[in-house]
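In what follows, a single structure is set out as structure tokens and then discussed.
2 protein chains.
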Amino acid sequence: MSLARSPSTPAITLWIICCLCLIQFSVASKVRHFKWEVEYMFWSPDCVENVVIGINGQFPGPTIRARAGDTIHVELTSKLNTEGVVIHWHGIRQLGTPWADGTASISQCAINPGETFVYRFKVDRAGTYFYHGHYGMQRSAGLYGSLIVEVGEGEKEPFHYDGEFNLLLSDWWHNSVHDQELGLSSKPFRWIGEPQSLLINGRGQYNCSLAAAFSNSSTKQCELRGNEPCAPQILHLLPNKTYRLRIASTTALASLNLAISNHKMIVVEADGNYVQPFMVDDVDVYSGESYSVLISTDQDPSDNYWVSVGVRGRKPATPQALTILRYIPTSASKIPSLPPPVTPLWNDYNHSKSFSKKVLGLTGTVPKPPAHYERRIILLNTQNKIDGYTKWAINNVSLVLPTTPYLGSIKYGLKNGFDQKPSPENFPDDYDVMKPSVNPNSTTGNGVYTFELNTTVDVILQNANALAENVSEIHPWHLHGHDFWVLGYGEGRFRKEDEKRFNLKNPPYKNTGVIFPYGWTALRFVADNPGVWAFHCHIEPHLHMGMGVVFAEGVHRVGRIPTQALGCGVTAKKFIKPPHKS
Amino acid sequence: MSLARSPSTPAITLWIICCLCLIQFSVASKVRHFKWEVEYMFWSPDCVENVVIGINGQFPGPTIRARAGDTIHVELTSKLNTEGVVIHWHGIRQLGTPWADGTASISQCAINPGETFVYRFKVDRAGTYFYHGHYGMQRSAGLYGSLIVEVGEGEKEPFHYDGEFNLLLSDWWHNSVHDQELGLSSKPFRWIGEPQSLLINGRGQYNCSLAAAFSNSSTKQCELRGNEPCAPQILHLLPNKTYRLRIASTTALASLNLAISNHKMIVVEADGNYVQPFMVDDVDVYSGESYSVLISTDQDPSDNYWVSVGVRGRKPATPQALTILRYIPTSASKIPSLPPPVTPLWNDYNHSKSFSKKVLGLTGTVPKPPAHYERRIILLNTQNKIDGYTKWAINNVSLVLPTTPYLGSIKYGLKNGFDQKPSPENFPDDYDVMKPSVNPNSTTGNGVYTFELNTTVDVILQNANALAENVSEIHPWHLHGHDFWVLGYGEGRFRKEDEKRFNLKNPPYKNTGVIFPYGWTALRFVADNPGVWAFHCHIEPHLHMGMGVVFAEGVHRVGRIPTQALGCGVTAKKFIKPPHKS
């Protein structure tokens, strides 16, 4: 009796165990189906009627909740009239599904009006994520929503909480994104200005305040019944409990800070990874970042408390966003007796740096960085004038995305889809990052940084002076398809010896990392995800003005790209083959 | 000696004549090349800054001038950020090039941002034409320009003139087309309202008047230097000459009337065909129509004269557009001593009908209609509510264009591109066109009227009461790919015996024909142009609300469609075949 024909008892046992595992797995992880229609709609996010991009009639779009290991299946139908659309799943690495990353010109052709594209991908790791448009400035137009991944069945978070709330933060302009976009690409340049409102879960108040009673200004008290699209979502909490607040920022421009009166926050998660818990009075959240914080409802239960969200890093011209933390059974309509907390001064960069440096990976829950890099690229961030247009450039190249998505161009070896010249990996030694850039050689381009699969890559983001003297801005850089370790922050120009101070022990593992004015930030990641990935400043107007680069690795390993992702540019020209018919 | 080996003298002579003809032809007809970039830009069409779609930095787009027999070759590159775009060459029949008709969802997929599409087609016949966007409401956004085809070298017009001027008329809103479009497709419906301004060659004046001196209103006199984008283009003429004015209307909504103080006009051309000359004081021009008129500069040469353009058929809320007819050497800045002519009362439909009925084909220059039709379809025009949305419907079907252009779907036999059910050719006998419609069965759809090639088709456009009582609107219907004969106009419901009164002798040959309130208009055309062709109300919001149908004929005869025209919808899904690569 041979094993191959009639299995032995241990073999049968193994087989049964495998089957049970499969059953276990299929019970635990689900395919979660969504049918979404994207459309413009009239909406009043801040009590002023305007136009937003909504999903299934909602703004922000529906919240996706899933468990780690689940597959998300979104059938996205565009009901836009003349515009293409894509959706990026911010923080999801798209392991094995790079065509589902939802970045126009990179992972797919934009979805045409009336057409349906299926985004199907795995959420492999618990965390606080979100999704948003990644074409033109459709994120600014309101195309975003939350994506919350809970731990897998039977698994546990490394902290306890009794309930949770989701706070998706954004900024809002009254001017249409079409006009904003045009202004940014016009000569002379027209800056979009500061946002009119900050929104919490798509809700803000313009021309009135929830806390007018505490204000010296003439702003009137909001009179809202609660069912308006701009009425705040009040957080109803029981006393003496622990709550998790999931805070994510999909702002177009604003760097934010969130504070709650009388409540300390313990930060426990950043960008979908656990962090060493630390306690703060307020949390900085840059565009593209997410944090989870725990709060204890240990205050006087007969009162309510303010949640404030204010602008950091730019002289604020936008009032704080507010909502109320209500202690049950205190009336939800009771105005808190204390004034809303004032978020730190916009230009208190020491406060910002101090916060960022407190964010450290929770040992045992996030991978440790490789001790050495195999390739290091240094990316100088400058503001430039190119042919009279105001631009942002990286190593003097301002990104203009190609019409053909890189993923198709590279996989199929089409050389005319983008600049074939490798992208610059450094900038001149004599460049003074403390002075306005001269940049005689700055240009537009769309080359790629190509990495051998599994290379350990260091990226040094080097900030510099902008066009005007004594101006250097904050830029939160977001990497698609990967997390990176933030090895360190520094002042002035990065020097080789700075690497001695890199934190290789417990750096935070994130997908968005900030560079402070005139400083540098060192990131490390492993290029282990076959595909083409955007790496860019998450400030939407900055990206629109060229502030991004493109990384590619192991594209030959990428499986069959959906044909719809190839229906534009040179892939369309090359691959559309109608039959010969008379 | 056989003929086949050594041609006889007559054969040689014939051969030489043929060669000479070819040389003659190649000298006479040209390929005219244009490189255009389409983009949004800031512009002040009526002295108020706004956003327009321009071409090569111009608004309106560049005027194309060609000779009959020439080939137009436009390389159109889209510089729009997220929107598709197409351009329709209004009045050009696209014989043999149906894919160059520039109608999204019908002849081609919209051109993606950053991509280039080549429109190459022959202008076979002299006349006054124009071009415009035919996707979403991009025509309303200002995507239009003039296309003037002169007679072939050595040929003559059947009338004399000493010089010519081009007057492309349009209407203009301050609200963006994106918002207009959204309002029209919203529930509750939001009407776009009347235009803020009328434009002559893209120029109008809002909040001031060129003729304030003659007005009782408080409107102030325009103070323009002449180089502003909104300064009128003054017509400089010599006394005692004859001038041709080419008048075309690409309005989104307004039916227009043009009058010139103290000058009679002789109408000589309509929609690219000669008409029996007739003299009038003012000319009605519906959206989609063009006319040439002759004027004699036989007035007092020491004065200047007004050209007025006013609204017809809707209670006007828009001031008349004005420009000045200047007699050289009178100063161009001299305000005419007489007030601007007041165009006829908006609801003087007798005046309108009288004008339309004067338009007759010039015998010998336009083909005569076949004496009998082979197929007759009757198209009831109604305003409807469908699921709470306000729509226009034809025989109770409101057109919703498919995502896949018909031309590709039909040529390649793809049945899932559009409704395969034939479209309705009539409407119930008991339908009362004088009363608001009940329309229990009205629905959306995108079926096709398919004609055997070379069929003579009669179309009876039947107007009716709109949703509100005692309202019936004017609709100018435009046919792509053909001209039609306007056989007659009538009041109330068309009856079989009305055909006895059809004008088969010298009907006008046009591409746009109007139906008057509560009336019918009978058209005849020969379905002799292989392709798929839109037939629709040329009022852009009406088309957007479903007021159109689709005709197809001889699509099996259509040659190789450019692949780019197939890069969307089911043609893309079916025909994109990337190579199998590891």
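Chains as they are written, first to last, in our numbering: chain U, 1 to 582; chain H, 1001 to 1582. Beta carbons: idealized from backbone N, C-alpha and C, even for Gly.
The C-beta of C47 of chain U comes no closer than 7 Å to any C-beta of chain H.
Interface residue (Cβ-Cβ distance to chain H less than 7 Å): N56 of chain U is not classified as such. With a minimum length of 4 residues, the unbroken runs of alpha helix (DSSP H) contained wholly in the region 1150-1199 of chain H fall at 1177-1184. Boundaries of the beta strand (DSSP E) around G1488 of chain H: F1484 to E1491. Distance from the Cα of S1356 of chain H is smallest, within the candidate group H:D1284, H:P1158, H:G1272 and H:P1405, for H:D1284. Beta-bridge partners of N503 of chain U (DSSP): none assigned. Shown here, T512 of chain U sits in a strand according to DSSP, grouped into three states.
For S1197 of chain H, same chain residues with a beta-carbon under 6 Å away, outside a window of 5 residues either side, are D1046, W1172, G1204 and Y1206 in chain order. Across the set U:R67, U:S107 and U:Y305, the C-alpha of U:R67 shows the shortest separation from the C-alpha of T128 of chain U.
N262 of chain U is a Cβ neighbour of Y305 of chain U, given a cutoff of 7 Å. Contact annotation: G531 of chain U and L523 of chain U have beta-carbon atoms that are not nearer than 7 Å. Within 8 Å of the CB of Q180 of chain U, no CB atom of chain H is found; the nearest one sits about 11 Å away. Of all residues in the region 1525-1544 of chain H, none comes within less than 8 Å of chain U when Cβ atoms are compared.
Counting the other Cβ atoms within 10 Å of the Cβ of H160 of chain U gives fewer than 16, which makes it exposed. Counting only residues of its own chain and dropping the five nearest sequence neighbours on each side, E1540 of chain H has a CB closer than 6 Å to the CB of M1137, R1139, S1140 and A1252.
Comparing alpha carbon positions, the residue from H:T1444, H:Q1320 and H:D1298 closest to G1548 of chain H is H:T1444. T455 of chain U is a Cβ neighbour of R375 of chain U, given a cutoff of 7 Å. Of all C-beta pairs linking the region 1052-1065 of chain H to the region 57-66 of chain U, fewer than three are shorter than 8 Å, placing the two stretches out of contact. In the three-state DSSP reduction, Q564 of chain U falls in the helix class (H, G or I). Taking 7 Å as the Cβ-Cβ cut-off, the region 82-107 of chain U approaches chain H at T82, E83 and G84, given in chain order. From the beta-carbon of Y119 of chain U, no residue of chain H is found nearer than 9 Å; the closest lies around 17 Å away. Around D1162 of chain H, the same chain offers L1238, K1241, T1242 and Y1243 as residues with beta carbons nearer than 8 Å, after the five sequence neighbours per side are excluded. As the crow flies, the alpha-carbon of G1481 of chain H is around 32 Å from that of T77 of chain U. For Y40 of chain U, the nearest CB of chain H lies under 7 Å from its own CB, placing it at the interface with that chain. Taking a Cβ-Cβ cut-off of 8 Å, T1450 of chain H has no neighbours in chain U, whose nearest Cβ is about 17 Å from it.
Here A1317 of chain H is exposed. Its C-beta has fewer than 16 other C-beta atoms within 10 Å.
Excluding its 5 nearest sequence neighbours in each direction, C1568 of chain H has C-beta neighbours in its own chain below 7 Å: C1109, T1403 and T1404, listed in chain order.
Using a CB distance cut-off of 7 Å, A1572 of chain H counts as an interface residue toward chain U. K1577 of chain H has a beta carbon lying within less than 7 Å of a beta carbon in chain U.
Taken through DSSP and simplified to helix, strand or coil, L1258 of chain H comes out as strand. Residue-level contact by beta carbon fails for L1258 of chain H and chain U, as no gap is shorter than 7 Å. Residue pairing by DSSP places M1279 of chain H opposite H:I1266 in a beta bridge.
The residues H536 and C537, in chain order, have a CB closer than 7 Å to that of L543 of chain U in the same chain once the five nearest residues on each side in sequence are set aside. Residue environment analysis places P188 of chain U among the exposed positions, since fewer than 16 neighbouring C-beta atoms fall within 10 angstroms of its C-beta. Of all residues in the region 1205-1237 of chain H, none places a beta-carbon less than 8 Å from a beta-carbon of chain U. Excluding residues up to 5 positions away in sequence, E1049 and V1051 lie with their Cβ nearer than 7 Å to the Cβ of F1042 of chain H in the same chain.
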